[in-house]
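Chains as they are written, first to last, in my numbering: chain V, 9 to 233; chain Z, 59 to 528. A virtual CB, placed ideally from N, CA and C, is assigned to each residue, including glycine. Notes follow the structure.
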């Protein structure tokens, strides 16, 4: 059963005439990893922004369990239903890794009292030790920041995880580790993982691959299967 | 709660920017506190000056009008009854009345009496004047009854020139005090009753007074009393209350009143003059206050208050503008952070509340510091201000700048000013009202400064902020 459904979604930026996305229809299911691939400017990041509730589509609808994102509280949607891993990390840079995770949990309304302990565990899960967790994000490497970004996306235990080039600029070992975490989340914890990527390694690890070109879905194929 | 915690952490995370903000907020709060303290002080000084000699009214003849033929023909001296009636006004803060009546007690002797007085009186009494009319037939004047409506304010007793040596000051109707020499000459003791008579020869008016005290007059010490006439010798003065004199039959005919009127505020002069005209004061009299003297004393303090107010307004406007500018720049700088928070699902309201909380916490800390320094500085500032004003007032007194006129009709000056004691020290306390004003101003500024930044930021969607940055 699909957790997120796109019906004939079109989008164009303000002040432009050309559609970035045209008539996209798709359904995302739980327990699966989806890879969205395409050339630069094909519209895949824009599609991710719409799915992440950071923007709204001009035409069509994006349904979360039957409810149109345009009509629901998108702040609450971003806070509780999805976890986003940004290509450029988008962390609070003058706060520590731990503070980033705890803040995300607070915004999402996580009730647990021992948020710091949960955050440390999450960070350890993505390969960040306690010492690194207490350092300011600015003083972490790109790979470490990406891991913190992943931990933050998982902090409030969302049903959908969206990742924009999560392994870009990472070494092979780190890339494999992160991919392992994401696929494990889908297959063992029943999350729906949607990844925008250029990487063949990432797309080959996905359950489904969607190819986007000029704002339209050109093909849908199997990944690891 | 987490918003507050995060706001406090953010203040620490951005030390540089927040320190600059805090310095400006502290400077504004300190300036506001000192300005309000100065205002409180100057208000107290102004109130004091007003109560002492701020609005003493002078009723005097208009000499320009009196030079006309019509003026000479129609001018009439104010009657004691008119002067007393003028004092019955709601516009007045206080009045001082004094009165005197020339007397010639038949059964009492006067100090300095001589045959020469009798000869001069005989010569003048009943004599024909140049216009054909005749002088009234009189006996020599042997002294005066002097009355005041407030014995405590009598300058002679206040300054110690005269003092009671036996008995006590008159309190009730028809009581009086006499000098030691006069009592000795006439064998008068405390408790005795004396009779005073008018100086008209035929059918003199008589009034009985009970002596309650004997006074000593220091001004007469060392004088050659034998050379003074009875009118010149102050020891012949019988002192009594104004109420007693007003009740005497001879007062209506021979009484002369001196009056001082003190307005509640100098600006009430036109209204008071209108009242006086309605009560029968003719155009041959002009009603004035010693405005120049008043302004000389109160003017600098009022000027200081005005300058302080203007300074406060300028500081508040400039401070608010600087805070808005700084806050807007700071928010622009933090646009990315706000974008991240919004992308994580924080609502616009919570983002705004977080930003506002940061500003309020900074303001709260600065408020405590500013108020503490302000309270510590208030007394020295007030003392310094007051010292300058006292010096200025003393200089003005030396120059004759303090108004001491204002008596009407003819008569001896009994009062030199109102009865208020001069201001010598001022205990400054920051009142609750003043503290509330400072808090209100501080938090209003914080609110205005935050609002500008919040409005600027929350109009953007998070994706736009993040895309701009990325």
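Endpoints, the beta strand (DSSP E) within which residue i is located
i: residue 195 of chain V; result: Per DSSP, residue 195 of chain V belongs to no beta strand (DSSP E); it is in the alpha helix (DSSP H), 180–197.
i: residue 172 of chain V; result: 168–172
i: residue 221 of chain V; result: 216–221
i: residue 320 of chain Z; result: 314–321
i: residue 35 of chain V; result: 29–37
i: residue 160 of chain Z; result: 150–161
i: residue 254 of chain Z; result: 251–255
i: residue 226 of chain V; result: 224–230
i: residue 344 of chain Z; result: 343–347
i: residue 93 of chain V; result: 90–93
Range of the contiguous alpha helix (DSSP H) that encloses residue i
i: residue 239 of chain Z; result: 238–244
i: residue 208 of chain V; result: 208–213
i: residue 140 of chain Z; result: 138–144
i: residue 258 of chain Z; result: From DSSP, residue 258 of chain Z is part of no alpha helix (DSSP H); its letter is neither H nor E.
i: residue 159 of chain V; result: 150–162
i: residue 63 of chain Z; result: 60–71
i: residue 328 of chain Z; result: 327–336
i: residue 54 of chain V; result: 52–59
i: residue 237 of chain V; result: It is not possible to answer for residue 237 of chain V, since the shown part of chain V is limited to 9 through 233.
i: residue 128 of chain Z; result: 127–132
C-beta atoms of residue i and residue j nearer than 9 Å
i: residue 400 of chain Z; j: residue 83 of chain V; result: yes
i: residue 94 of chain V; j: residue 150 of chain V; result: no
i: residue 435 of chain Z; j: residue 86 of chain Z; result: no
i: residue 70 of chain V; j: residue 77 of chain V; result: yes
i: residue 120 of chain Z; j: residue 344 of chain Z; result: yes
i: residue 72 of chain Z; j: residue 111 of chain V; result: no
i: residue 29 of chain V; j: residue 224 of chain V; result: yes
i: residue 162 of chain V; j: residue 72 of chain V; result: no
i: residue 18 of chain V; j: residue 67 of chain V; result: yes
i: residue 170 of chain V; j: residue 202 of chain V; result: yes
i: residue 304 of chain Z; j: residue 142 of chain Z; result: yes
i: residue 109 of chain V; j: residue 127 of chain V; result: yes
i: residue 99 of chain V; j: residue 398 of chain Z; result: yes
i: residue 507 of chain Z; j: residue 385 of chain Z; result: yes
i: residue 116 of chain Z; j: residue 340 of chain Z; result: no
i: residue 268 of chain Z; j: residue 250 of chain Z; result: yes
i: residue 203 of chain Z; j: residue 270 of chain Z; result: no
i: residue 100 of chain Z; j: residue 360 of chain Z; result: yes
i: residue 168 of chain Z; j: residue 243 of chain Z; result: yes
i: residue 56 of chain V; j: residue 204 of chain V; result: yes
i: residue 288 of chain Z; j: residue 192 of chain Z; result: no
DSSP beta-bridge partners of residue i
i: residue 399 of chain Z; result: Paired residue(s): none; residue 399 of chain Z is not in a bridge.
i: residue 274 of chain Z; result: Z/221
i: residue 202 of chain V; result: V/42, V/170
i: residue 128 of chain V; result: Answer is none; residue 128 of chain V lacks a bridge partner.
i: residue 67 of chain V; result: V/18
i: residue 296 of chain Z; result: Z/203
i: residue 234 of chain Z; result: Z/269, Z/298
i: residue 192 of chain Z; result: Z/186
i: residue 72 of chain V; result: V/12, V/75
i: residue 144 of chain V; result: V/104
i: residue 264 of chain Z; result: Z/255
(request) Please specify which runs of the alpha helix (DSSP H), each continuous and at least 4 residues long, are wholly inside the segment 90–125 of chain Z, giving them in chain order. (result) 121–124
(message) Does the contact criterion of 3 or more C-beta pairs under 8 Å hold for the segment 318–325 of chain Z versus the segment 161–181 of chain Z?
(response) no
(message) Check whether the segment 323–336 of chain Z and the segment 177–196 of chain Z touch, using three or more Cβ-Cβ pairs below 8 Å as the test.
(response) no
(request) Spell out a yes or no on whether the segment 37–55 of chain V and the segment 213–230 of chain V are touching, meaning 3 or more CB-CB pairs, one atom from each, closer than 8 Å. (result) yes
(message) So, does the segment 288–295 of chain Z touch the segment 250–265 of chain Z, judging by three or more C-beta pairs under 8 Å?
(response) no
(message) Across the segment 43–63 of chain V and the segment 218–230 of chain V, are there enough close Cβ pairs to call them in contact, namely three or more that are closer than 8 Å?
(response) yes
(message) With a threshold of 8 Å, are at least 3 pairs of Cβ atoms found where one atom belongs to the segment 411–421 of chain Z and the other to the segment 89–104 of chain Z?
(response) no
(message) Taking contact to mean 3 or more Cβ pairs, one atom from each stretch, closer than 8 Å, check whether the segment 126–146 of chain V and the segment 437–448 of chain Z are in contact.
(response) no
(request) Examine the Cβ distances between the segment 142–160 of chain Z and the segment 199–211 of chain Z and report whether three or more of them are shorter than 8 Å. (result) yes
(request) Give a yes or no on contact between the segment 173–180 of chain V and the segment 194–211 of chain V, applying the rule of three or more CB pairs nearer than 8 Å. (result) yes
(message) Counting beta carbon pairs with one atom in the segment 501–508 of chain Z and one in the segment 370–382 of chain Z, are three or more of them shorter than 8 Å?
(response) yes
(request) Examine the Cβ distances between the segment 112–120 of chain V and the segment 396–410 of chain Z and report whether three or more of them are shorter than 8 Å. (result) yes
(message) Three or more C-beta pairs under 8 Å: does that hold for the segment 126–133 of chain Z against the segment 305–318 of chain Z?
(response) no
(request) Return the chain-ordered ranges of every beta strand (DSSP E) run that is complete within the segment 488–515 of chain Z and spans a minimum of 3 residues. (result) none
(message) Would you call the segment 264–281 of chain Z in contact with the segment 228–238 of chain Z, where contact means no fewer than 3 C-beta pairs closer than 8 Å?
(response) yes
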